[in-house]
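Residue numbers (our numbering): 5 to 271.
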């Protein structure tokens, strides 16, 4: 997670306010407008309910203090303004304290369609809505507490768990497959692709998820599908740790052929 970036996070002033330029606010508005169109009949209801609870301004980048008031009320979570990229150790430390890290910069026009590092749009619009939901908030908190104590190898397995759930997870509903992963929902291209005929859908089995390689720079060939949020809610630290130890013994699955490039960054 700690790597080089050309983006510089914004620092709050003495009143906790983060100041952005008119162009940055316009980028937010354009991203949000596109997002609203892309998620129709694709996002899960829990996400849509959370988005309504947050009441995000469509014209301006929201202030984290305003988001915190709503998250605190519903689940006890809050945001934490962070630099553009942070270490895994810091990431887990914040989640363990029920603080969700938000990089306070917004992407440039040239990165409008895709940005590798998470910006404020990805973090706030992609992830914060589900942090109003008790099941997803509890899973995130449990994940952080376990990750804070874990060694580097265990954190690699935890990264795959987060990737295939909170970033790129799907849910079975009465209306059919719906998206809950923030990495999908903050990307119109992936939102359309995820519910197309192109990817493969697999039932959420913890051992399989922990052993599946992924790439951050490709559309996902495989998505794991939960039946409801309780599948994540009832996972505790001991269950996760036991599953990770089993996955270590079983070993990784082969990387999907569509992800194989020379020098490809896979995990």
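Cβ coordinates follow ideal geometry from the N, Cα and C atoms, glycine included.
Keep in mind the model is a prediction, meaning the values are calculated, not measured.
Exposed or buried, residue i, counting other C-beta atoms within 10 Å across all chains shown (16 or more means buried)?
i	result
residue 86	buried
residue 19	exposed
residue 113	exposed
residue 261	exposed
residue 111	buried
residue 82	buried
residue 50	buried
residue 102	buried
residue 6	Confidence at residue 6 is low in this model, with a pLDDT of 46, below 50, so the placement of that residue is unreliable and no value is reported for it.
Is the beta carbon of residue j closer than 8 Å to that of residue i?
i	j	result
residue 217	residue 263	yes
residue 124	residue 65	yes
residue 228	residue 173	yes
residue 152	residue 84	no
residue 96	residue 237	no
residue 40	residue 109	no
Who are residue i's beta bridge partners in DSSP?
i	result
residue 82	103
residue 177	180
residue 226	204
By DSSP, does residue i sit in helix, in strand, or in coil?
i	result
residue 6	Residue placement at residue 6 is poorly supported in this model, since its pLDDT is 46, which falls under 50; the coordinates still yield a value, given next. Here residue 6 sits in coil by DSSP.
residue 251	helix
residue 93	helix
residue 262	helix
residue 38	helix
residue 13	coil
residue 47	strand
residue 244	helix
residue 192	helix
residue 52	helix
Considering only residues of the same chain and omitting the five flanking positions on each side of residue i, which have a CB-CB separation below 7 Å?
i	result
residue 46	182, 183, 195 and 199
residue 225	203, 204, 260, 262 and 263
Under 7 Å: does the beta carbon of residue i sit that close to some heavy atom of the ligand NAD?
i	result
residue 250	Annotation note on the ligand NAD: not contained in the displayed structure, which lists no ligands.
For residue i, which residues in the same chain have their Cβ closer than 8 Å to its Cβ, ignoring the five residues on either side in sequence?
i	result
residue 213	164, 165, 168, 169 and 228
residue 67	20, 21 and 22
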